[in-house]
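The sequence shown begins at 1 in UniProt numbering and counts up one residue at a time. We put the CB at the ideal spot given by N, CA and C, even for glycine. Quantities reported herein were computed from a predicted structural model and do not represent experimental measurements.
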Amino acid sequence: MAESQVTTEELNIIRQTVHNFIAKEVEPLAQQMEEEDMVPRSLLDKAAEIGLFGLSTPQEYGGLGAGMVGKVMIYEELGRGPNCFTSIIGCHNGIGSVGIVECGSEEQKERYLPKIASGQMIGAFALTEASAGSDPASLKTTAVLKGDRYVLNGTKQFITNGDIANIFTVMAITDKSKGSKGITSFLVERNFKGFSVGKFEKKMGLHGSQTAELIFEDCEVPVENVLGEVGQGYVNALRILANGRAGLAARNLGSCEKLLEVSVKYALQRIQFGKPIFENQIIQHYLANMAIDIEALRSLTYDVARKIDEGQKVIKEAAIVKAFGSEAFGRVADLAVQIHGGMGYMRECEVERYYRDARIARIYEGTSEIQRNIIAAQLRKEFV
């Protein structure tokens, strides 16, 4: 059970702080980050100062200790800003560090979590390979025990925060004969011998949040850096990914809210045929459809977050909110562009950026198709 260590009043203060931070510090740099394909280190340092790197870390290790509902509140505010910045913070607090919080030994928690909470160490999650994304059993990266160390060999790709992370949760095969039950998760530090960062991938969207190739060439990882138990890596991965899906939905929710806000304002200001385009029923229906998706997503997101905090199993619910949230983001972004017309297709218009950024939501951290597989599997268990 991920019980919050902060009060509702404290969370509301933090939420307002994050809201102001996004508006005053992050939004003004949106175009710069888009063009330079980089989030300034100075901005990340400011984020660390207000505690944005310690959302998942318990207070005893220097973090905020927010439960899932608390994190969802903050992610919703983050989602209103440039998605590249949100992606870095969300990955770090989600799949980049939650594995240590949930599955780590006490020694691992004491060694890594204080640095993770302060932003001194940034986290990343390395599962995807050229031949293995939705199918972890197809992993090619291997880990062979030699004395007091595992030796990792292989390549990961599309790894968010790969350019700046210091600590990676890495999935590798320790027993090929066991399929997914032969996967083990490791904590790999950036300075470990045999580890290197390869090429940066050029993406459609999320410019500023780098995804990179990770290379393991006889990479030496101490046995004490096994995360959880040997052979439990796939189980760890499912747990880590499921935990993060409510957070990802909340980020999508914030972006949808921002798109509705700017679309209503534009529709009221844009004059065509002598009247604001808001007066056209079709535009009103577009905005109404956006509002419907937003309210449905809000209800789903906070319901799943509450269930996580209560310790309930949310395998199906997490998959539902991930699929619905990412697809709602796509629908809302598409309508925002349509409402803005030709201007919405221009790079100088922020809705164009959100439109490109929204497309990855249906792919990363589990595709919409995989979410439906998970939902169907749970339905079979419930009704058969």
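Outcome for residue i when other beta-carbon atoms lying within 10 angstroms are tallied against a minimum of 16
i, result
"S196", "exposed"
"R380", "exposed"
"L52", "buried"
"A47", "buried"
"H92", "buried"
"R347", "exposed"
"R41", "exposed"
"Q120", "exposed"
"S177", "exposed"
"E201", "exposed"
"V332", "buried"
"N20", "exposed"
"R80", "buried"
"R353", "buried"
Residue span of the beta strand (DSSP E) that contains residue i, given as start and end
i, result
"R190", "Taken as a continuous stretch (DSSP letters only), R190 belongs to no beta strand (DSSP E), as it is neither H nor E."
"E217", "211-222"
"F125", "123-126"
"V170", "167-173"
"A143", "142-146"
Limits of the alpha helix (DSSP H) - the one that residue i falls within
i, result
"A237", "233-269"
"Q312", "Q312 -> no alpha helix (DSSP H), and no H or E assigned at all."
"K71", "68-78"
"I159", "Careful: I159 lies outside any alpha helix (DSSP H), inside the beta strand (DSSP E) at 149-160."
"L64", "It is not in any alpha helix (DSSP H) - L64 carries neither H nor E in the DSSP assignment."
"V98", "98-103"
"P114", "106-118"
"L43", "41-49"
"residue 393", "Given a span of 1 to 384 for the chain in the structure shown, any question on residue 393 remains unanswerable."
"F85", "83-93"
Pairwise C-alpha distance: residue j and residue i
i, j, result
"K322", "G123", "21 Å"
"D303", "Y61", "28 Å"
"I116", "S105", "15 Å"
"K181", "I173", "9 Å"
"G90", "Y75", "7 Å"
"T8", "E27", "27 Å"
"F158", "I50", "29 Å"
"P114", "L241", "22 Å"
"G108", "Y345", "What sits at residue 108 in the sequence shown is Gln, not Gly. For Q108 and Y345, the distance between alpha carbons rounds to 48 Å."
"T169", "K275", "55 Å"
"Y266", "H340", "7 Å"
"I88", "F273", "44 Å"
Coarse secondary structure for residue i, derived from DSSP in three states
i, result
"M346", "coil"
"Q16", "helix"
"T57", "coil"
"S299", "helix"
"K203", "coil"
"I22", "helix"
"K381", "helix"
"Q272", "strand"
"residue 451", "A query on residue 451 cannot be resolved here, the shown segment of the chain reaching from 1 to 384 and no further."
"G179", "helix"
"E365", "coil"
"L139", "coil"
"G198", "strand"
"L227", "strand"
Proximity test, residue i beta-carbon vs the ligand ZN heavy atom, cut-off 8 Å
i, result
"V69", "Among the ligands in the structure shown, none appear at all, so the ligand ZN cannot be discussed."
Task: Cβ contact (3+ pairs, closer than 8 Å) linking the region 294-310 and the region 214-232 - done: Output reads no: the region 214-232 does not touch the region 294-310.
Task: Segment contact, 8 Å Cβ cut-off, at least three pairs: the region 211-225 with the region 242-254 - done: no
Open item on the list: Does the contact criterion of 3 or more C-beta pairs under 8 Å hold for the region 357-364 versus the region 325-336?
Closed with: yes
Task: Segment contact flag, the region 349-360 with the region 303-321, C-beta cutoff 8 Å, min 3 pairs - done: Three or more Cβ pairs closer than 8 Å define a contact, and the region 349-360 falls short of that threshold against the region 303-321.
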